[in-house]
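Peer 1:
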Amino acid sequence: MNRYRTACAATLILGIGLFAASCHKKKVEDLISGNDEISSQLVNKKWNLTEQTIAPAIDVNGDGTPDTNMLNFLPECAKDDYIVFDKEGSFTIFDGTNLCTESQPEVGSWLLTNEKDLLITQPAGIREAKVISITGTSMKLEVKDFLEGQNVTITEVYTKR
Numbered sequence: 042m043n044r045y046r047t048a049c050a051a052t053l054i055l056g057i058g059l060f061a062a063s064c065h066k067k068k069v070e071d072l073i074s075g076n077d078e079i080s081s082q083l084v085n086k087k088w089n090l091t092e093q094t095i096a097p098a099i100d101v102n103g104d105g106t107p108d109t110n111m112l113n114f115l116p117e118c119a120k121d122d123y124i125v126f127d128k129e130g131s132f133t134i135f136d137g138t139n140l141c142t143e144s145q146p147e148v149g150s151w152l153l154t155n156e157k158d159l160l161i162t163q164p165a166g167i168r169e170a171k172v173i174s175i176t177g178t179s180m181k182l183e184v185k186d187f188l189e190g191q192n193v194t195i196t197e198v199y200t201k202r
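Per the numbering used here, the sequence shown starts with residue 42, numbered consecutively.
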């Protein structure tokens with residue numbers, strides 16, 4: 042469960058998620074402005090994780106049944122947390138009204154490296170997500186990861202609050 046929570050925290054940024062070295066060094070502003078369509082939909086909104094599935098299914102809780110709905114394992118007090126991305130390339134994860142513990146908002150950075158690749162870095166680690174779709178009210182991300190000894194794809198849906 043701890044590995045899943047760490048992975049969940051990392052992807053919750055997102056999530057989910059995600060920062061990796063780029064082959065070409067560019068300014069953050071240049072990379073963000075080169076992706077105006079996604080950036081304009083992403084920034085200055087409160088994004089809440091509303092769906093999180095994993096394929097192939099893995100037995101997260103050790104009950105012998107493979108699980109696909111990872112949101113079932115997110116504590117109730119974390120289900121109203123939300124993320125805000127800003128146009129300067131940073132994000133903040135805020136606690137919702139249902140607090141797990143008193144804590145400071147978690148911060149990190151984000152970067153669009155091309156049309157659909159979102160790199161996110163936060164204290165839990167570095168992740169890369171692919172933006173499958175984004176509108177003014179919803180965002181769908183796909184993250185490749187390695188959990189429980191196998192490669193998995195985590196699909197996350199965020200909804201604007």
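Built from N, CA and C at the ideal position, the CB exists for glycine as well. Nothing here was measured: the structure is a model prediction, and the numbers come from that model.
Leaving out the 5 sequence neighbours to the left and right, which residues in its chain are closer than 7 Å to Thr106 when beta-carbon positions are compared?
Peer 2: Answer for Thr106: Asp100, listed in chain order.
Peer 1: Could you give the C-beta distance for Pro116 and Thr133, rounded to a whole number, given that I count them as a contact under 8 Å?
Peer 2: Not a contact, Cβ separation roughly 20 Å.
Peer 1: Expressed to the nearest angstrom, what Euclidean distance is found between the alpha-carbon atoms of Lys185 and Val172?
Peer 2: Their backbone Cα atoms lie some 12 Å apart in a straight line.
Peer 1: Around the C-beta of Glu156, are 16 or more other C-beta atoms found within 10 angstroms, so that it is buried, or is it exposed?
Peer 2: The residue in question, Glu156, is exposed, as its Cβ has fewer than 16 Cβ neighbours within 10 Å.
Peer 1: Who are the near neighbours of Val193 in its chain, counting only those whose CB is closer than 6 Å to its CB and skipping five residues on each side?
Peer 2: Excluding sequence neighbours, Val193 sits near Ile95, Asp186.
Peer 1: According to DSSP, is Leu83 part of a helix, a strand, or is it coil?
Peer 2: Correct three-state label for Leu83: helix.
Peer 1: Just the C-alpha distance for Asp136 and Gly190, rounded to the nearest angstrom, thanks.
Peer 2: Whole-angstrom Cα-Cα distance: 31 Å.
Peer 1: Taking 8 Å as the threshold (C-beta atoms), are Lys201 and Ser179 in contact?
Peer 2: For Ser179 and Lys201, yes; Cβs fall inside 8 Å.
Peer 1: At the 8 Å Cβ level, is Lys181 part of the contact set with chain B, yes or no?
Peer 2: The question asks about chain B, but that chain is absent: this structure has only one protein chain.
Peer 1: With distances taken Cα to Cα, identify the nearest neighbour of Thr138 among Ser150, Tyr123, Asp127.
Peer 2: For Thr138, the nearest C-alpha among the options comes from Tyr123.
Peer 1: How is the beta strand (DSSP E) around Phe187 delimited, first residue to last?
Peer 2: Counting along the chain, the beta strand (DSSP E) containing Phe187 begins and ends at 179-188.
Peer 1: Could you give the DSSP three-state label for Glu92: helix, strand or coil?
Peer 2: It is a strand residue.
Peer 1: Using a threshold of 8 Å, state whether the C-beta atoms of Gly149 and Ile161 are closer than that.
Peer 2: Yes, these two residues count as a Cβ contact at 8 Å.
Peer 1: Which of helix, strand or coil does DSSP assign to Asn155?
Peer 2: Asn155 falls in the coil class under three-state DSSP.
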